[in-house]
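**Student:**
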Amino acid sequence: MEIVFLAFILMLSIFLGFELINKVPATLHTPLMSGSNAISGITLVGALTSAGAEHAVLSTILGTIAVTMATINVIGGYMVTDRMLAMFKKKGSAK
600 MEIVFLAFIL
610 MLSIFLGFEL
620 INKVPATLHT
630 PLMSGSNAIS
640 GITLVGALTS
650 AGAEHAVLST
660 ILGTIAVTMA
670 TINVIGGYMV
680 TDRMLAMFKK
690 KGSAK
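In the working numbering, the protein residues as written are 600 to 694.
1. Buried or exposed for Gly662, please, with buried defined as at least 16 other CB atoms from any protein chain shown within 10 angstroms of its CB.
2. Within a Cβ cutoff of 7 Å, which residues of the same chain sit near Ala646, ignoring the five residues on either side of it in sequence?
3. Run through the segment 600-678 for me and flag every whole alpha helix (DSSP H) of 4 or more residues, listed as ranges in chain order.
4. Closest by CA to Ile674, which one among Gly616, His654, Asn636 and Asn621?
5. Using 10 angstroms around the beta-carbon of Ser639, count the other beta-carbons present and answer buried if the total reaches 16, otherwise exposed.
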């Protein structure tokens, strides 16, 4: 019964996230991306804790994968944010 409950929560969060992202106007994308990067940084700290804990080998492997994915997410988020901010700069201003 617990797996059904967890699957329901997963499907509900996917639907809710999809609907929320589609409703965000383009002008709010950059501030929301910055907030998302902060949350991903917290996820990275949790993944580092999981990978570095002396638990079973599977926990360490999953923690290492989580560190890799969270790092890619943070770096990609900052790259997208930087690119979006560059679109709002005037053509003659220095970077």
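Backbone N, C-alpha and C fix where the C-beta goes; we use that ideal spot for every residue, glycine too. Owing to the predicted nature of the structure, the values given are computational and were not obtained by experimental measurement.
**Tutor:** The answer reads as follows:
1. buried
2. Gly662, Ala665, Val666 and Ala669
3. 601-622 and 628-651
4. Asn636
5. buried
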